[in-house]
Amino acid sequence: MPQIPEKIHELTVGQLSARSGAAVSALHFYESKGLISSRRTSGNQRRYSRDTLRRVAFVRAAQRVGIPLATIRDALAELPEERTPNHDDWARLSRAWRSELDERIKQLGRLRDHLTDCIGCGCLSLETCVLSNPDDVFGDRMAGSRLLPERRIIKEREAAATDATAPDTTDTVVCATDADAGCR
């Protein structure tokens with residue numbers, strides 16, 4: 002990796018790309034999404050502060066583990082702009098994501114375990130295949146393998162668990178295909 006002389010406090014987009022390993026187009030995209038920022042020279046060229054290298058590394062690491070760009074942007078907004086973020090700043094951000102990452106790891110473990118059972122079955126058994134139709138609440142009634150509840154219904158059912166006066170929405174479904182003529 003090319004070294005940047007200590008006296009240089011700003012980087013061109015090419016230098017930032019070379020040092021960070023991110024494509025110039027990716028850096029422009031990050032900037033358009035508010036993940037990094039630059040100033041413009043009198044010749045309208047972008048100049049990035051040296052601490053942008055750390056921000057780009059953070060963005061790329063967070064993306065690799067599946068954290069959405071909007072969440073990354075919100076986290077970066079908490080970092081100080083008047084100084085280079087230090088270890089404590091980065092540790093605070095990573096602590097905030099720990100529970101989300103732990104949950105994601107659990108989901109991936111469940112997916113891995115279910116994939117082992119599913120390989121080669123062709124997903125013909127919708128009674129047991131949680132990958133092809135995980136929200137099929139009508140499977141127990143044998144009402145059809147393609148009936149999926151609306152997301153709204155799931156939220157209403159969750160609310161109904163705590164509120165006995167919530168409306169019954171068990172028969173409202175969304176058709177997964179046009180062949181399901183009996184649903185609306």
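Taken in order, the sequence shown gives residues 2 to 185; the numbers are from the working numbering.
We treat Cβ as the ideally placed atom computed from N, Cα and C, and that holds for glycine.
This one's a predicted model, so the numbers in the text were calculated from it and none came from an experiment.
How far does the beta strand (DSSP E) with residue i in it extend, from its first residue to its last?
i	result
R48	47-50
Quick test of your reading: residue i and residue j, contact by CB under 8 Å. State the CB separation rounded to the nearest angstrom.
i	j	result
L1	L36	Residue numbering for the chain in the displayed model covers 2 to 185; residue 1 lies beyond these limits and cannot be assessed.
S21	V57	4 Å
H10	R61	Rounded, the Cβ-Cβ distance is 23 Å, inconsistent with contact.
If you draw a straight line from the C-alpha of residue i to the C-alpha of residue j, how long is it?
i	j	result
E104	R113	14 Å
D90	A63	15 Å
A27	V66	17 Å
N45	L12	14 Å
K34	V25	14 Å
R74	W98	13 Å
A23	L116	33 Å
A19	H88	24 Å
P69	A162	30 Å
F59	A160	38 Å
Are the Cβ atoms of residue i and residue j separated by less than 8 Å?
i	j	result
S39	Y31	no
P81	R55	no
L17	T53	yes
With residue i as the anchor, note down where its alpha helix (DSSP H) starts and where it stops.
i	result
T72	70-78
V60	53-65
G44	Segment: none, G44 is in no alpha helix (DSSP H) and carries neither H nor E.
L36	Run containing L36: none; DSSP gives neither H nor E here.
G15	14-21
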